[in-house]
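Since the structure comes first, as structure tokens, the remarks are kept for the end.
Protein chains: 2
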Amino acid sequence: MTTSGGPPTVETIAERAGVSIASVSRVLNGHGARPNTVRRVEQAAAELGYVPNGVARSLKGGRTRQLTFAMPDVGNPAYVSMVRQIQAVTKPLGYRLLLHSTDAVAEDELDVVRSLADRTSDGLILCPIRVTDAHLEVLARAARPVVVIGSLPDAAAVDSVRADSVHGTALAVRHLVERGRRRIAFINGPADTVPGHNRALGYRAALREAGLTPDPGLTVTTEFGIEAGTRAAHRLLQARPDIDSVFCANDQLALGAAHAAHDRGLRIPDDLAVVGMDDSELAMAGQPALTSVDLGSAERGRLAAQMLVARLEGGDHPVRCETVPPRLAVRASTAGVRGAAAAPGPATADAADAGGRVAAGSAS
Amino acid sequence: MTTSGGPPTVETIAERAGVSIASVSRVLNGHGARPNTVRRVEQAAAELGYVPNGVARSLKGGRTRQLTFAMPDVGNPAYVSMVRQIQAVTKPLGYRLLLHSTDAVAEDELDVVRSLADRTSDGLILCPIRVTDAHLEVLARAARPVVVIGSLPDAAAVDSVRADSVHGTALAVRHLVERGRRRIAFINGPADTVPGHNRALGYRAALREAGLTPDPGLTVTTEFGIEAGTRAAHRLLQARPDIDSVFCANDQLALGAAHAAHDRGLRIPDDLAVVGMDDSELAMAGQPALTSVDLGSAERGRLAAQMLVARLEGGDHPVRCETVPPRLAVRASTAGVRGAAAAPGPATADAADAGGRVAAGSAS
DNA sequence: GATCACTCTGTAAACGTTTACAGTTTGCCG
DNA sequence: CGGCAAACTGTAAACGTTTACAGAGTGATC
């Protein structure tokens, strides 16, 4: 007999039901058959516990119903929340999700895009650490649709979703100004990255907008990490004890800064207001809880997934480039008004609770 | 011409190189050919940018080189560190990783196992929320190798890796006892889970082992979360102000408890020692940093991946069931010796720094 | 009862690869 | 230069599915 050891196939079912493999396929895909045929095929399939081979299906159908998400670091909470949202969009649609950690090496990023040519994945969501010319070249030839999370030159014919670090930073600085702070320090992450550069831009712009002169002595850059934040804050506070607030490039740094303040006997927010970035769980871990800029990681993931699916299932449409507006989660670390000189508009003291309310920010 | 619009295939290459598709395949897989043939095929492939179709390969080869990792929640740091380790093991071996979030619904877990029959994945690492009879049944029929991260009945013929919550908890309690604490409270997570139950077991056992009588009034259970921890700790400290230390079922609860202590003007570790569990970044977020039990999430992920790969590539071997021993990361939240009556051995005061040193625990 | 339209079914090809087998070439040796 | 072994090459089948096409069956209608 042809139906030997292995798992059942259409052929096994066909034999058992006494029909052809075409009928088996049709019944199983609901393409219409005589009731009698339907019954026999379904019974045979049920008895043998038949499950169609997905690989064969993919080969015939020309698509795998698999999507790939490639990002620098699985551990980073920002990417974790992207994964969660991507799942939320794609799982109900029956897509499987392949996870690829590039470990922040550019060549690995290029390889992921190139490997789309092996037809293993129907589409890709890519978070490049930095976009080089090589990226653009490879993206232009990509064998499958790609959505990039990050900034791309306008010329690139690739869908993308970007955060807005400039306005996100400005949002934080403006908030501190409204709370009456004037000597606003800035602990930045590595400055040689696009977001790092943009944060510096937003910081200076927002200060000037508020009529304040950016003071180079109030900015330090450091690698990311809680302890790095503590060290940087100590350095700042040592050199410039007059600082009344600090904005940090992520929540790790902010929490570290809060620790430093505590070590020095400074009270938050009375003596030092602290604002972080990412609105991760670490912001809630502060005591008091930290105000934090949410650059919309979750939203970016959701959007990217939707755009990719639209590319796959919808017809043709022009290249999309979306910018997710930053939001500010206001918490106790910036509560209270020290000086009211700044904001002549309606008082903002009612926003001083720790409830984590959120204010929309502007997008470019 | 047969080579039309689509991407190049072996046939396209064969035509261009003037050889048969068999030769193309052989050259590309290094199975030996005349130098002249090799040269022509390689040139043709390079010129056309040929990439073999992975789906067709999988169909012919009977394996996809894809593995699936299924867990309840992508956001949970414990699973995140598992993902990272699994990647670390499988990526160098050329496996792709499919991520499946079951959202903690049992039926979804069963479906993942069942869907192994579609041949889309070569193997599965499953983290079930709880193992039911239905799980065992489905696992017994699994079409591909499965490694379960979690506890399985001995009878199950499935590879598994388990944590040891009992000894992990005991490790924490013993540490507190050594530090001179006597009224050791316990904030547990949901008690109707296997780990929740095991923690309760370990807690009582370790107390008795130290000659202390477990006091039901010193244990509370709550859902997980920082704020839940704060509330639970307030309740405990209100009712029993004599408490001198608290062990919490995860770092969120521990951090919340630390906040509560701070609110009440208690100093850590002097007035209240705090120990958490999972050794996540939150433990470092405490001020002072929190001592925490590491149940070995990373190690479990690594082991599970290795076991799965061994099952796939190695020959047959008996079912393995590994238990990962817990470790204690000692930090400042348990520093200092208040009473020396407990540990008559060498003083342990040198472990009182915040350096996060790690002590091995016992495994069953 | 013959014709027709219609539905259902089976055969075979296709997706793109690898590989068993048989056939061809090559080089070597006597 | 003939014979032989070894190395290489091509044809065809196989993996398991879906589907175009043609053929067979069904029922309705005249």
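Those sequence lines, one after another, are chains W and C. Okay, so the first sequence: first residue is 1 according to full-length UniProt numbering, each after it adds one. Okay, so the second sequence: first residue is 1 according to full-length UniProt numbering, each after it adds one. By construction, the Cβ of each residue, glycine as well, lies at the ideal position given by its N, Cα and C atoms.
Beta-carbon separation of residue i and residue j under 8 Å?
i: C:Ser-121; j: C:Thr-68; result: yes
i: C:Arg-183; j: C:Asp-279; result: no
i: C:Thr-102; j: C:Val-89; result: no
i: W:Ser-25; j: C:Val-55; result: no
i: W:Leu-126; j: W:Glu-109; result: yes
i: W:Leu-116; j: C:Leu-99; result: no
i: C:Ala-283; j: C:Ala-335; result: no
i: W:Val-82; j: W:Ala-298; result: Note that residue 82 of chain W corresponds to Met in the displayed sequence, not to Val. A contact, by the Cβ cut-off of 8 Å.
i: W:Ser-160; j: W:Arg-199; result: no
i: W:Phe-224; j: W:Tyr-203; result: no
i: C:His-234; j: C:Ala-260; result: yes
How big is the Cα-Cα spacing for residue i and residue j?
i: W:Asp-316; j: W:Val-105; result: 32 Å
i: W:Gln-306; j: C:Glu-11; result: 36 Å
i: C:Gly-18; j: C:Pro-7; result: 18 Å
i: C:Leu-295; j: W:Val-293; result: 33 Å
i: W:Met-1; j: W:Ala-33; result: Reliability fails at W:Met-1, whose pLDDT of 44 lies under 50, so the model's placement of it is uncertain and the value that follows must be treated cautiously. In a straight line, the C-alpha of W:Met-1 is about 26 Å away from that of W:Ala-33.
i: W:Lys-91; j: C:Thr-193; result: 27 Å
i: W:Ile-129; j: C:Ala-228; result: 37 Å
i: residue 373 of chain W; j: W:Val-41; result: Any question about residue 373 of chain W goes unanswered here, given that chain W covers just 1 to 364.
i: W:Thr-230; j: W:Arg-331; result: 20 Å
i: C:Arg-208; j: C:Gly-256; result: 27 Å
i: C:Ala-78; j: W:Gln-85; result: 19 Å
i: W:Ala-143; j: W:Ala-155; result: 19 Å
i: W:Pro-325; j: W:Ala-170; result: 12 Å
i: W:Val-80; j: W:Asp-73; result: 9 Å
i: C:Leu-139; j: C:Arg-300; result: 20 Å
May I ask which residues mark the beginning and end of the beta strand (DSSP E) holding residue i?
i: C:Ser-292; result: 291 to 294
i: W:Ser-245; result: 245 to 248
i: C:Ser-280; result: Counting along the chain, C:Ser-280 falls outside any beta strand (DSSP E), and DSSP gives it neither H nor E.
i: W:Asn-188; result: 184 to 188
i: C:Glu-322; result: 321 to 323
i: C:Ala-329; result: 327 to 330
i: W:Thr-219; result: 219 to 221
i: C:Ala-70; result: 66 to 71
i: W:Gly-123; result: 123 to 126
i: residue 365 of chain W; result: In the structure as shown, chain W begins at 1 and stops at 364. Residue 365 of chain W is therefore absent and cannot be evaluated.
What residues of chain C sit near residue i, judged by a beta carbon separation below 9 Å?
i: W:Asp-118; result: Val-51, Pro-52, Asn-53, Gly-54, Val-55 and Arg-57
i: W:Arg-16; result: None at all; the shortest Cβ gap to chain C is about 17 Å.
i: W:His-262; result: Gln-287
Give the interface partners of residue i over in chain W, defined as CB-CB distance under 8 Å, in chain order.
i: C:Leu-290; result: The contacting residues do not exist; C:Leu-290 stays about 10 Å from chain W at best.
i: C:Gly-75; result: Val-80, Ser-81 and Arg-84
i: C:Thr-169; result: In chain order: nothing, as chain W lies at least about 23 Å away.
Can you pull the chain C neighbours of residue i, defined as C-beta to C-beta under 8 Å?
i: W:Ser-101; result: Arg-84, Gln-87 and Lys-91
i: W:His-259; result: Gln-287
i: W:Glu-42; result: Going along chain C, no residue has its Cβ under 8 Å from W:Glu-42, so there is no contact; the nearest lies around 17 Å.
i: W:Leu-136; result: Neighbours of W:Leu-136 on chain C: none; closest Cβ ~17 Å, over 8 Å.
DSSP three-state label for residue i, please.
i: W:Thr-169; result: helix
i: C:Ser-160; result: strand
i: W:Ser-151; result: coil
i: C:Ala-273; result: strand
i: C:Val-113; result: helix
i: W:Val-146; result: strand
i: W:His-175; result: helix
i: C:Asp-108; result: helix
i: C:Thr-120; result: coil
For the alpha helix (DSSP H) that residue i lies in, which residues bound it at each end?
i: W:Arg-57; result: 54 to 61
i: W:Glu-47; result: 35 to 48
i: W:Thr-90; result: 77 to 90
i: C:Leu-136; result: 133 to 140
i: C:Gly-229; result: 226 to 239
i: W:Leu-308; result: 297 to 313
i: C:Asn-29; result: Run containing C:Asn-29: none; DSSP gives neither H nor E here.
i: W:Pro-195; result: 194 to 209
i: W:Val-10; result: 10 to 17
i: W:Gly-256; result: 251 to 263
Find the residues of chain W that neighbour residue i, judging by a C-beta separation of less than 9 Å, and give them in chain order.
i: C:Ala-143; result: Pro-7 and Val-51
In chain W, which residues lie with their C-beta within 7 Å of the C-beta of residue i?
i: C:Met-284; result: Ile-226
i: C:Leu-255; result: Ala-285
Cβ closer than 7 Å: which chain C residues qualify as neighbours of residue i?
i: W:Thr-64; result: Val-55
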